[in-house]
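The UniProt record's numbering puts the last residue of the sequence shown at 108; the count rises by one with no breaks.
One structure below.
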Amino acid sequence: DDEGDCYDEGVIINAAQQLQSRGAKNVLVTLGSRGSILICASDKNTNSENSQNCGEATKIIRQQACPLPHNSNVVDETGAGDCYRAAFVAALAEGKSLQQCMEFASAA
């Protein structure tokens, strides 16, 4: 059972906006088999077909999970979120757009 399946997207966005009101700029949430969501301050790098405006100062970018091959068997998901975030930061350091960072991290 995916831990991310327990959360409603509206609740996640609301919580992210509360963090942003306290100074956070970007809030990245992994959702297991549902992919990931990035709630970020409006920025020219967030323009993509997977983004939407959410109020004046917030953009939301969604990334689907990378599908597994049909014959694969997941043994342990420990560290998957850490791997995702590390790949995201590596792509960000290379100057990729936020959407490209999420795509790269999803495939990691």
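C-beta: ideal position from N, C-alpha, C; glycine also.
None of these values were measured; they are calculated from a predicted model.
I need the straight-line Cα distance from residue i to residue j, nearest angstrom please.
i: Ser51; j: Ala90; result: The pLDDT assigned to Ser51 is 49, lower than 50, so where the model puts this residue is not dependable; a value taken from the coordinates is nonetheless given after this. Approximately 21 Å between the Cα atoms of the pair.
i: Leu68; j: Gly32; result: 12 Å
i: Gln64; j: Cys83; result: 16 Å
i: Ala93; j: Tyr7; result: 30 Å
i: Ser72; j: Arg34; result: 18 Å
i: Ala15; j: Glu9; result: 10 Å
Using three-state DSSP, classify residue i as helix, strand or coil.
i: Leu98; result: helix
i: Ser36; result: strand
i: Gln64; result: coil
i: Ala41; result: strand
Between residue i and residue j, which are expected to be in contact by the criterion C-beta below 8 Å, what is the C-beta distance as a whole number of angstroms?
i: Ile61; j: Met102; result: 6 Å
i: Ala87; j: Phe104; result: 6 Å
i: Gln20; j: Ala41; result: 7 Å
Provide the residue(s) that pair with residue i in DSSP beta bridges, ordered along the chain.
i: Lys25; result: Partner(s): none; Lys25 has no beta bridge.
Closer than 6 Å by C-beta to residue i: which residues in its own chain qualify, once you throw out the five before and the five after it? Chain order, please.
i: Val29; result: Ile12 and Ile37
i: Ala107; result: Cys66
If you drop the 5 nearest sequence neighbours on each side, which residues of the same chain put their C-beta closer than 8 Å to that of residue i?
i: Gly79; result: none
i: Gly81; result: Thr30
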